[in-house]
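*Asks:*
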Amino acid sequence: MSEEFLRKYEAGEAFGSTLDQVTKPGESLFPEAHGEGAEKKRKAERAEEARRRGQIQAEG
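For any residue, its number in this note's numbering is found by taking its place in the sequence shown, counting from 1, and adding 332.
(1) Name the two residues that bound the continuous alpha helix (DSSP H) containing residue 351.
(2) Could you pull the start and end residues of the alpha helix (DSSP H) that residue 363 belongs to?
(3) Give the secondary structure of residue 376 by DSSP, where H, G and I count as helix, E and B as strand, and everything else as coil.
(4) Express the C-alpha separation of residue 381 and residue 345 in angstroms, rounding to a whole number.
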């Protein structure tokens with residue numbers, strides 16, 4: 333923790349963080365993991381993997 337952060341915190345001053353500069357309010361820092369469509373993509377990947385496993389078991 334930096335002394336500047338601690339000083340501002342103890343004084344009740346407003347301060348920002350690097351994260352505040354990188355993202356907008358309500359925006360994810362990791363959109364590929366949490367953004368729109370990420371869950372759909374993961375579900376599609378899991379379904380495709382399940383189909384592949386089913387084909388391998390049927391052939392085996």
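Yeah, the Cβ is synthetic: ideal placement off N, Cα and C, and Gly gets one too.
The structure displayed is predicted, hence computed values, not measured ones.
*Replies:* In brief:
(1) From DSSP, the alpha helix (DSSP H) with residue 351 extends over 350 to 354.
(2) Run containing residue 363: 363 to 366, per the alpha helix (DSSP H) assignment.
(3) Reduced to three states, the DSSP call for residue 376 is helix.
(4) 52 Å
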